[in-house]
Structure formats: structure tokens, C-alpha cells
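Peer 1:
See the structure below:
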């Protein structure tokens, strides 16, 4: 009787053991056999982290091989909240070491409060060496503080080249959303946002490398499994001349304006300066909100590249084009004269010449030298707006020049067709009078007027402006060379351009020339001033000062256009900039002279 | 001292070899599990072996006295154990937020581990007369055993060591069931069992314990804490696949993705390195061991030995099942060591003392 229930208890026990074993095995089968591969993959991901090694961005050199933009290591201070033992010790200690306000440090930490405590917070980027040394020396006393070395784009000439080189910055969410264009990018990557950095992003960027590391549960690197080295980006060798650029920039520094100089024989851009500028270095290390607002809200628009985006009426510089078209058509010849009494009546209104007393009877040469408006009123009317438009379009005015920078503006040269399309109105001949002296609806960019200058300098031919000369890989192999591309070669009648050239030479070098004060000792510079009315009849703003020039007068090696926004007279405001540039280019090497005199002693 | 030679022949070699196999696997596994620690696996292995050697002595001591004599003195042993558990609360060493250890003669011991076999013997001594008379236990009869179980249970849970507490309670109920209960007693126990989770949840459990249960139900409820550990444990086991990653080649534990992987989570280390095949072998060894304990219980000379052996079988069963289920996310995370496998001297000593009791009972099965 006592045996029976006991053995039934053991049967129950055996049943429980069988059920237990079955449940455990089913679960193990599910985990290890059914989901084994998935779990294996998860465990691999657990221990292997892929860390990106950013490729060093390509270097940008000027014409003579000077470095304009490179990548250098920067030291950044991070604070990992998890590792902080005593909050005030670490935070106050760090603040004291860097001469910082502890509130600034706390603010940075608050901004990253959504992140896990193991996430290092960037407290300050790109700290100077002495601060690095100070922090390193006190590391033991400020647990949680670490210094990380990261590549940073560096623009040694700052604002002077900002509008040419542009800047890089972290890729934005909007850019990342454009999967087609930015499929190789991930958050935190740097991307060219402006200028050459943007135009040549694909060449400069290189290919990021990868480091596969084994990490433990708290993300500490245990060992490196393998490394795929990054491929550095290609470097750019520019046609730009740093010395000339800095000269132009300095001359413009305190004003608003732009200067563009090209080699008329190749279209290579020697100078492209625009002021006001900004410091691209600020963008490269993650711009602070306040700095960004200051730049973005600045009424002077420092983010506008006036050289290619600024639209201004060209004023008297435009007469050069009108003269060429008239001579080419035979509407006038070298000896055709018009009388200037200081004004020109057309329709029911009187168009004035800038010189109140008038220039008397002038032919084309004196008309250019002294910039007689009345002469060109007459010529312009005889040529007609459409034929002016025709040549302008050939030269490259009123359309994009194709310079290798993003967001170039087209400018505008009106025509009867344009007016019909735009306003559905017929063209009035009275408007042609204004167009003849580069006013009215005409507006152009400095780079376009540099093209006009190059066209004259090169005897009726010009090239597409190009900033980059060649792309070179890190091994020194030339990946691509940008050969000169002919922009305009209309084969004007023989002697036509020479007449205009003589006139432009006279502007600087003849008595009575409007830019006589910018005459140079070493080299004969030719030019044409322009003083363009800004604003309307009612709201008078300061005139825009223009000067287009090239040098030497015969066989020119530089052609340029200078604009000073609301700068007043072209001769007094813009011409000196061109004079400075030319002087720098053709300066006599005084250093050699001194060396010789030392020898003789 | 006279040792009856016949006893040697009657030693249960099945149990001994089975136990040694489990211990051997455990020792090997411990080497791999502790290889990433800064002190090195050698240190852990030596400590475990010292505990094993002391355990062998303990087996001899336990075997020397007839289990009936031990049982008759069990109230004193029980009081001694209880004293140590109380001592833990007074002068205990804290580790990881819990006071579970006391320092005794230079060793740090965990009295709650020893409380398990002590309680089994104490309860068996209390109940075997009823069993012998084959009288099902009435509600009044289970009052005393429950009271003597609740005292150490409460003290141990206060440390807090919920895992050992759960083992004690479950083992107590298993023993009561084994002795036999009246239908009315079953009814009361079941109804109390039905409402006790609500009481525990609302009045007794600490927030972190609730979090464990919640993250058991939904593994993603607390991805940074317990859920994370549970997930990493599953990944470790699953990534072992059929044949495992090989001895010393597990990555999950070596890179510290799993906490307590040399104690409570040690099964994940084994299963990651030896896979499905190795796990089956280990399970088979445990089931076989437990089954052997039950056989000893069945063949025991008297009811006292039968109940003690059954109690010890249930200790091993409960610990094995909950420990493995926790590692493969079939049970909430709770700190229960895997017998013979997990690192820890007290756990091993307590286990070996239990083996001593089993051998004691099995060798004396023919004696009158």
C-alpha cells in the first residue's frame, strides 16, 4: 500500500524531467539551428565596429605652387559624462585650464543631453598647442576629458580667397536626402558647399578608408582587425596667382566690390576677388550659430560672390563693345565725328553727357579716351540694340561665361526680342540711347566685363574663364588638364579692334584720358573707366565705379575688370585697384638689384 | 574509527562519475569564461579546485555520520545556518549592491548556499514520520515546515538574494508534495499561489526586480539594462549554432557583452563555444544526474533518506532549469548558479555536501 503512491510520484518526476528536456531542446533548436546564422551575424556585429577613416581632402595650389587650402590635424576636446567621477572637479578643472567659463562647458553638455552617457561630447574644437599640452599634463585630475585628433580643412588666407575656394562643412540633412547625388555620404561627412570646394567636390573628396576594430561591450577598442587605407583626394592646381589675388583683395578690403583678372590668351583666371568676404575656416570646424547668423544677416551680403553673382550696369565700359560693333558694321569709321554740346535731344527728352560743357566734335578715339556720352548716343542709335546684343552675346555678356564656380549669374543685354518676351512691349529707340552707354536695362557681372576686356586685349578673341588649370593625383599623375576653350572668335574686320585698343590705351596714357592718374611706369596699361548710375531717378544711390583694363597695351598678358559698389567714379575708385594688380604683376624685382649692389661694394 | 568496507562497494559510482563529468566540463568552461579577466583564468581555476578539495573532505565528513544521526541533530545545524544568514545582514560584505557574503577564517562564504541542503535535511526530519505512516499532510501539518522555510527565505531575500530564496521556497513545496498533501491542502496552496504574484508585484518587489520581469516579457522594454543582457545572452547561445565556436573562441563573453558570465550566465559561455551538440550533452548529464538522485530516493532504506534525496534532487533540478531558462530567455533574469559549473566556492561546497548526503543514503540502503 505504501509502495504504490511512491512509485507514482517518481513517474511524475520522470515526466517533469522529460518535459523540461523537451522545452529546453526546442528552445535551443530555435536559437542555435533555426536562427543560428542570424545570431552569429549579430554576435559579429557586436564585436566588430567599422570606423571610418576620412580621406584627406585634395590640396589646392595656386599657379606657382603655393598652398591655398589643405587639411591639417586639429585637436578637439571631448568630455565623456560616463567617465566623470566628480562633476565639479572635471568641469571646473577643464574650464580653468582653458580659461573658459564653466557655464559654456555645461551648455555644451546640455546640448548633447539626449545622447547616452558614453557618448563623448565635443567641448571645443581646434584648440591651440599650448592648451593641448596643458590639458594633457592635467589629464589625471580631470577624468572624462579626452583629446581627439581629427582632420580639418584649413584655409591659410582666410577671407581673401573665400569666394574662390569656397568652404567645406558637414553635410546637411537635406543634402543627405538627395540619395541619388549623395549616395556615398553619411551623416558627419564633410562636403564642399561653395566655390571650388563644391565645383570639384568629386575630385577633391577622395575615398574614405575603413578600420575594422574589435570592441567590447562599452565600445573600447580591443584590437584592430584590418585597415583599408583611405585614398586621398586629387589636388587642384589653379591658374590663380596668389600674389595678385592678395593685392586685389587688399585694395578692395574695406569696400564692397570685386576684381576679376584673366589671362587673355588662355582664359585662365588670375584673380577673382570679392569683398566683403568671410572666414571659411569658421565653417570648416563647425560654425557656431552666432557666427552663422552674423554672416547670414549681414546687410553687406558677405556670402555673395560679387565677381560672378553681382549684377551691375556696366556704364561707360560698355562703350568699348558698342564702338567695336559700329566699326565692324561700318556705321562709323575712324574719322566719323559727332558734335557734343553736353547733351543729346532724343524724342522729348535730353540725354546729358557727363561733361557739362561738352566735348565738341569728337571721333571714336577721343570719344573713348574722354568717354564722350553723346558720341555713343549717336553711334548706338545707328547700330541698333539688336546688333549690340548680337556682339555682346558672342563676347559672353548676358549669358553665363562658364567659369568653374557654382551659381554664376547671367546678366542681361536687352534686345527687341527680350522686351517682347519679357514685357510684351515694343522696343523704343530711346532705350537704345541708354544702352549705348551701358545703362538702362543692361546689367552685367564683373567676370563678364573681364571677358570683354580680354576680348579687346586679345584682338577680338577670348576664352572661357577657367580657375582650375589641372587636377593632379597624390602620386603626382596629372588626371586632367583644362586646355583653353575658345569662347568668342567672331573675326571682326581688320583694324577694328586696334582702333578701340588705341582708344583704351589713351584712356590711361594720353592727356585728357579719364584714368590718367593710373598710368604706370613699367608697363603700358590700357583701360576704360565706367561710372554707372545706381538706383532709380528717385532714389539716388552712389554710382558704381568700374574699370576694365589689360596690360601690356600690346600683347597683353592680363585682362581684368574691377567693380567698386557705390564707389563713385571709375577713375578714382576702381582704376587704382587695377593699377595695383598690374604693378604687382609687372614689378621690377628690387631684391635682385640689392643683391648686386652688395656685390659691388 | 571503523569504516565498514562494504560501504565502499556500495558507493554509487554512477553518481560519482556523472558528477565528476559535470564538474570537469564546468572547470574547463570556467577557464574559457574567465580568460578575459585581468587576474587570468588560472586564478579562478585554482580557487575552484581548492573549493573542490575542501568539498571532498566535506563529503567524507558527511558520509561518516549516518544520515539519521545528522537528521536528528538537524535543528542545531539549521540554527547554525540561520545564524550565519543573520550574520550576513549584520556584518556582510557588499558586492554589487547586495550583502551576500561573510568573511570566515579568511574565506568569504555565502551562507545562503548552505541553507539549501540544511533546510532539506531539517524539513525531511520534520516530515518523514508522516510519510512513513503515509498520511497526507493537512493544512495544519504544513504550517511548521512553511514557517521554518519562510524564516530563512525572508532573511535571504532581504540580502537581497532573490534567486536562492526562490530555490528554497520551490524545494520546500516539492518536498511537501513528495510527502503527500490532502486535497484540501492542495486547494489552499493553489489559491494562495494564484494571488501571491499580485501581492508580490504590488507590495514586495523592488523596482529593479519588476524591471527584470518587464524586460523578460518584452525584451526591448529596457534595451540598456536587463533587456540588453538578456538579448546578449540569447545572441551568445544562438551564435554557437550546431557545433559551437570552439573552446576559448566565444566572443560574446570575452568582450564583456554578458555580465556575470562566469557565475549566473555561465551557460551562455558553454553554449556559445560548444553549440547545440555540447548543450545536449550537458543537459543529458544533468538529467541523468537528477534521475540518479531520484533513484537513490526511490531505493533509500527509509522514508527519511528518501525525502532527503528527493529534496536534493529538487535543488539541482530547480537550479539547473531556472539557470538555463534564464540564459535562453525562458525565465526572467535571477541570480541562480548552475550546479557544479558556475564559479563560486560556497555553491560548489554546498553541492558537494549534498552529494555527500546522497552517497550517505545510497551506501546505507541495505543496512538495518
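Chains as they are written, first to last, in my numbering: chain A, 1 to 601; chain B, 602 to 969.
The beta carbon of each residue, even a glycine, is placed where N, CA and C say it ideally should be.
Please read all numbers here as calculations on a predicted model, not as lab measurements.
Would a check of beta-carbon distances place residue 21 of chain A closer than 8 Å to chain B?
Peer 2: Chain B contact via Cβ: present.
Peer 1: Pull out every residue of the region 855-876 of chain B whose Cβ sits closer than 7 Å to any Cβ of chain A, in chain order.
Peer 2: Answer set for the region 855-876 of chain B: 856, 857, 858, 876.
Peer 1: Got a sec, what are the start and stop residues for the beta strand (DSSP E) residue 483 of chain A sits in?
Peer 2: Looking at the DSSP string, residue 483 of chain A is not in any beta strand (DSSP E), and its letter there is neither H nor E.
Peer 1: Cutting at 6 Å between CB atoms, please list the residues of its own chain near residue 398 of chain A, excluding the five before and the five after it.
Peer 2: Same-chain partners within the cutoff: 392, 411, 412, 413.
Peer 1: With distances taken from CA atoms, which of A/277, A/222, A/225 is nearest residue 246 of chain A?
Peer 2: Ranking A/277, A/222, A/225 by Cα distance to residue 246 of chain A puts A/277 first.
Peer 1: Smallest Cα separation from residue 446 of chain A: which of A/559, A/122, A/186?
Peer 2: Nearest option by C-alpha distance: A/559.
Peer 1: Does the region 251-270 of chain A come close enough to the region 83-97 of chain A to have 3 or more Cβ pairs within less than 8 Å?
Peer 2: Because the criterion of three Cβ pairs below 8 Å is not met, the region 251-270 of chain A and the region 83-97 of chain A do not touch.
Peer 1: DSSP on residue 69 of chain A, reduced to helix/strand/coil?
Peer 2: Here residue 69 of chain A sits in strand by DSSP.
Peer 1: Give a yes or no on whether the C-beta atoms belonging to residue 574 of chain A and residue 563 of chain A are separated by under 8 Å.
Peer 2: Their beta carbons are under 8 Å apart, which means residue 574 of chain A touches residue 563 of chain A by this criterion.
Peer 1: Could one say the Cβ of residue 627 of chain B lies closer than 8 Å to chain A's Cβ atoms, at least one of them?
Peer 2: It does not; no Cβ of chain A falls within 8 Å.
Peer 1: In chain A, which residues lie with their C-beta within 9 Å of the C-beta of residue 931 of chain B?
Peer 2: Residues of chain A passing the Cβ test: 23, 24, 27.
Peer 1: At the level of alpha carbons, what is the spacing between residue 107 of chain A and residue 238 of chain A?
Peer 2: Computed Cα separation, rounded: 43 Å.
Peer 1: Would residue 765 of chain B pass as an interface residue toward chain A - the criterion being a Cβ-Cβ separation below 8 Å?
Peer 2: By this cut-off, residue 765 of chain B is not an interface position.
Peer 1: How big is the Cα-Cα spacing for residue 592 of chain A and residue 548 of chain A?
Peer 2: Unreliable positioning characterises residue 592 of chain A in this predicted model, as indicated by a pLDDT of 44, which lies under 50. The coordinate reading is nonetheless provided below. Roughly 32 Å between the two C-alpha positions.
Peer 1: Between which two residues does the beta strand (DSSP E) holding residue 528 of chain A run?
Peer 2: Residue 528 of chain A -> beta strand (DSSP E) spans 526-535.
Peer 1: Would residue 690 of chain B and residue 702 of chain B be called neighbours here (beta carbons separated by less than 8 Å)?
Peer 2: The answer is no: Cβ separation not under 8 Å.
Peer 1: Have a look at A/541, A/543, A/534, A/508 and flag the residue whose alpha-carbon is nearest the alpha-carbon of residue 582 of chain A.
Peer 2: Looking at the Cα atoms, A/508 is the closest of the given residues.
Peer 1: Output needed in chain order: residues of the region 379-413 of chain A with a Cβ under 7 Å from some Cβ in chain B.
Peer 2: Those would be none; no residue qualifies.
Peer 1: What number of angstroms, rounded off, separates the C-alpha of residue 416 of chain A from the C-alpha of residue 443 of chain A?
Peer 2: Roughly 16 Å separates the two Cα atoms.
Peer 1: On the criterion of 16 or more Cβ atoms from any shown chain inside 10 Å, does residue 45 of chain A qualify as buried, or is it exposed?
Peer 2: Exposed, by the Cβ-count rule.
Peer 1: Use the C-beta contact count for residue 677 of chain B: other C-beta atoms within 10 angstroms, 16 or more gives buried, fewer gives exposed.
Peer 2: Its Cβ having fewer than 16 others within 10 Å, residue 677 of chain B is exposed.
Peer 1: Tell me the start and end of each unbroken beta strand (DSSP E) in the region 789-871 of chain B that is at least 3 residues and wholly inside, in chain order.
Peer 2: With a minimum length of 3 residues, no continuous beta strand (DSSP E) run stays inside the region 789-871 of chain B.
Peer 1: Taking residue 891 of chain B as the query, report the chain A residues whose CB atoms sit under 8 Å from its CB, ordered along the chain.
Peer 2: Chain A residues near residue 891 of chain B: 17.
Peer 1: For residue 621 of chain B, which of helix, strand or coil comes out of DSSP?
Peer 2: Residue 621 of chain B: helix per DSSP, three-state reduction.
Peer 1: Hey, how far is the Cα of residue 596 of chain A from the Cα of residue 66 of chain A?
Peer 2: Because the pLDDT of residue 596 of chain A is 44, which lies under 50, any placement of that residue in the model is unreliable, and the number read from its coordinates should be weighed accordingly. Cα-Cα distance, rounded: 27 Å.
Peer 1: Please list, in chain order, the chain A residues whose beta carbon lies closer than 7 Å to that of residue 852 of chain B.
Peer 2: Under the 7 Å cutoff, chain A gives 43, 47.
Peer 1: If you draw a straight line from the alpha carbon of residue 484 of chain A to that of residue 213 of chain A, how long is it in whole angstroms?
Peer 2: Spanning the two alpha carbons is a distance of roughly 49 Å.
Peer 1: Grouping DSSP H, G and I as helix and E and B as strand, with all else coil, what is residue 951 of chain B?
Peer 2: Of the three classes helix, strand and coil, the one that applies to residue 951 of chain B here is helix, per DSSP.
Peer 1: Would you report the Cα separation of residue 877 of chain B and residue 765 of chain B, rounded to the nearest angstrom?
Peer 2: For residue 877 of chain B and residue 765 of chain B, the distance between alpha carbons rounds to 28 Å.
Peer 1: Give the secondary structure of residue 779 of chain B by DSSP, where H, G and I count as helix, E and B as strand, and everything else as coil.
Peer 2: Residue 779 of chain B: helix per DSSP, three-state reduction.
Peer 1: Taking 8 Å as the cut-off, decide whether the C-beta atoms of residue 925 of chain B and residue 868 of chain B are in contact.
Peer 2: Yes. Within cutoff.
Peer 1: Can you list the alpha helix (DSSP H) stretches of 4 or more residues lying completely in the region 866-919 of chain B, in chain order?
Peer 2: Whole alpha helix (DSSP H) segments, 4+ residues: 867-900.
Peer 1: Please list the segments of the alpha helix (DSSP H) lying wholly inside the region 424-456 of chain A, counting only runs of 4 or more residues, in order along the chain.
Peer 2: Complete alpha helix (DSSP H) runs here, min 4: 429-436.
Peer 1: By alpha-carbon positions, which one of A/253, A/186, A/318 ends up nearest to residue 450 of chain A?
Peer 2: Checked all of A/253, A/186, A/318; the closest Cα to residue 450 of chain A is A/318.
Peer 1: Drop a sphere of 10 angstroms on the beta-carbon of residue 101 of chain A, count the other beta-carbons inside from all chains shown, and report buried for 16 or more, exposed for fewer.
Peer 2: By the neighbour-count rule (16 or more Cβ atoms within 10 Å), residue 101 of chain A is not buried but exposed.
Peer 1: Give the residues from the region 29-40 of chain A that approach chain B closer than 8 Å (Cβ to any Cβ), ordered along the chain.
Peer 2: Listed in sequence order: 29, 31, 32, 33, 35, 36, 37, 38, 39, 40.
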